[in-house]
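Numbering (UniProt numbering), first residue to last: 1 to 318.
Virtual Cβ for every residue (Gly too), placed ideally from N, Cα, C.
Every value quoted in this text rests on a predicted model; they were computed, and no experiment measured them.
As structure tokens, the structure follows; a few thoughts come after it.
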């Protein structure tokens, strides 16, 4: 089955991912806060997560993931003319991440900008990359989702600190005679923006868990189905469903409601935690690496989170 999207345009050529080496288990967290392995797993499904040391920045994570995606694509740094970085955890807003990532990878004078729609950021950035190539504004685009949440967490708050983690995922997007990226379906619900926020420079990340859970499990499955419809794809024909890795219960609820009965469901949250904009490319990159999905199959990518924002599209797996 092929994606339907009018004129030919773009496809994902390769994925790459990177995680810090430091593994933090639920039992490790239970030593420093009032929680337990059972409490965490029953609520969000996480067993362990990766936390970067102070010496490893979100830029370092992005460079590692981007470099792996670039190597897997068979292209060189000279072939990339646009770099887009999706992130919401920069320590400083100026300069942006994309320019620094490009320079570290030896990509000379590309267009370079960041996208901040938090957990839906990778899908937003991928949509922009697709449109840029189809419009002729770019030929090859490096798209990176990178997050270092650990400095933004109150490590005494078991409702939030146990969920989020550090990591990066990336994709290289290039031209294609047939569409390999379906139309994006995106949107926002700004009335609920305060449900996930960092109030100011001196605050930690705050999340109203029940508000987000209700929104994600009741309002989003029609959007995910619409992304399939716009691509001309029946959810039953999906090879993979790769949603934002927010909560295992949310992931399984959306998969069930859209009818992705034959798809491999990404459950990377169990071992990686919630890495926001990094979670979708990292999860799919790891699925490809483990041989869980085959090249040429169709995957629905679906991001949602702070803003509140959401975005999704069907892609052909490289």
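The stretch 260-280 contacting the stretch 39-54, beta-carbon criterion three pairs below 8 Å = By the Cβ criterion, the stretch 260-280 is in contact with the stretch 39-54, since at least three pairs of Cβ atoms, one from each stretch, lie closer than 8 Å.
How close, in whole Å, do the beta carbons of residue 105 and residue 67 come, if the pair is a contact with beta carbons under 8 Å?
-> Rounded, the Cβ-Cβ distance is 6 Å, consistent with contact.
When DSSP builds the beta bridges, which residues end up paired with residue 186?
-> In the DSSP output, where bridge partners are listed per residue, residue 186 has 311.
Can the beta-carbon of residue 10 be found closer than 8 Å to that of residue 174?
-> At a Cβ-Cβ threshold of 8 Å, residue 10 and residue 174 count as neighbours.
CB contact flag (residue 117, residue 307, <8 Å) | Cβ distance < 8 Å, so residue 117 and residue 307 count as in contact.
Near residue 75, which residues of its chain fall below 8 Å by C-beta distance, leaving aside the five closest residues on each side in sequence?
-> So the qualifying residues of the chain are 13, 140, 172 and 174.
Element boundaries [alpha helix (DSSP H), containing residue 25] | Segment 23-25 is the beta strand (DSSP E) holding residue 25; no alpha helix (DSSP H) there.
Within this structure, are the beta carbons of residue 51 and residue 162 separated by less than 8 Å?
-> Going by C-beta atoms, residue 51 is not nearer than 8 Å to residue 162.
Return helix, strand or coil for residue 300, following the three-state DSSP convention.
-> Correct three-state label for residue 300: strand.
In the DSSP assignment, what are the bridge partners of residue 136?
-> For residue 136, DSSP assigns no beta-bridge partner whatsoever.
Confirm, please, whether the CB-CB distance from residue 92 to residue 148 is below 8 Å.
-> Their beta carbons are not under 8 Å apart, which means residue 148 does not touch residue 92 by this criterion.
Based on Cα-Cα distance, which residue from 219, 24 and 181 lies nearest to residue 189?
-> Comparing Cα positions, the closest option is 219.
Whole runs of the beta strand (DSSP E) within the stretch 113-157, excluding any shorter than 3 residues | Within the stretch 113-157, the complete beta strand (DSSP E) segments of 3 residues or longer fall at 141-148, listed in chain order.
Residue 68, DSSP secondary structure in three states | DSSP places residue 68 in helix when its eight states are reduced to three.
Terminal residues of the beta strand (DSSP E) in which residue 13 lies = Unbroken beta strand (DSSP E) run through residue 13: 10-18.
Leaving out five residues on either side along the sequence, give the residues of the same chain with a beta carbon under 8 Å from the beta carbon of residue 206.
-> Short of 8 Å from the beta carbon of residue 206, and not among the five residues preceding or following it, lie these beta carbons of its own chain, in chain order: 160, 196, 197, 198 and 199.
Could you check if residue 71 is buried or exposed, using at least 16 other CB atoms within 10 Å of its CB as the buried criterion?
-> Burial check for residue 71: the Cβ neighbour count within 10 Å stays below 16, so the residue is exposed.
Which word fits residue 210, buried or exposed, when buried means at least 16 other C-beta atoms lie within 10 angstroms of its C-beta?
-> Answer is exposed; the Cβ neighbour count stays below 16.
Give me the Cβ distance between residue 98 and residue 113, rounded to the nearest whole Å; I'm assuming they're in contact under 8 Å.
-> About 5 Å; that satisfies the 8 Å criterion.
Residue 262, buried or exposed, once every other Cβ within 10 Å from all chains shown has been counted against 16 | Label assigned to residue 262: exposed.
Residues near residue 22 in its chain [Cβ-Cβ closer than 8 Å; skip 5 each side] | Cβ within range, chain order: 50, 51, 52 and 53.
Mind checking whether residue 303 and residue 280 have CB atoms under 8 Å apart?
-> Yes, the pair counts as a contact, with Cβ atoms nearer than the cut-off.
When the distance is taken between beta carbons, is residue 311 closer than 8 Å to residue 124?
-> Annotated as proximal: residue 124 and residue 311, with beta-carbon spacing under 8 Å.
Out of 48, 132, 231 and 253, which has the shortest C-alpha to C-alpha gap to residue 30?
-> That would be 48, whose Cα lies nearest to the Cα of residue 30.
In whole angstroms, what separates the C-alpha of residue 309 from that of residue 24?
-> Spanning the two alpha carbons is a distance of roughly 29 Å.
Express the C-alpha separation of residue 282 and residue 258 in angstroms, rounding to a whole number.
-> Whole-angstrom Cα-Cα distance: 23 Å.
Cβ atoms of residue 65 and residue 169: under 8 Å apart, would you say?
-> Cβ atoms of residue 169 and residue 65: closer than 8 Å.
Curious, which full-length alpha helix (DSSP H) runs of at least 4 residues does the stretch 28-90 contain?
-> Segments of the alpha helix (DSSP H) lying fully in the stretch 28-90: 37-43 and 58-73.
According to the Cβ coordinates, are residue 101 and residue 59 closer than 8 Å?
-> Yes.
Closest Cα partner of residue 85 within the set 294, 77 and 96 | When only C-alpha atoms are compared, the closest one is 96.
CB-CB under 7 Å to residue 253, same chain, minus the five flanking residues each way: which ones, in chain order?
-> The residues are 217.
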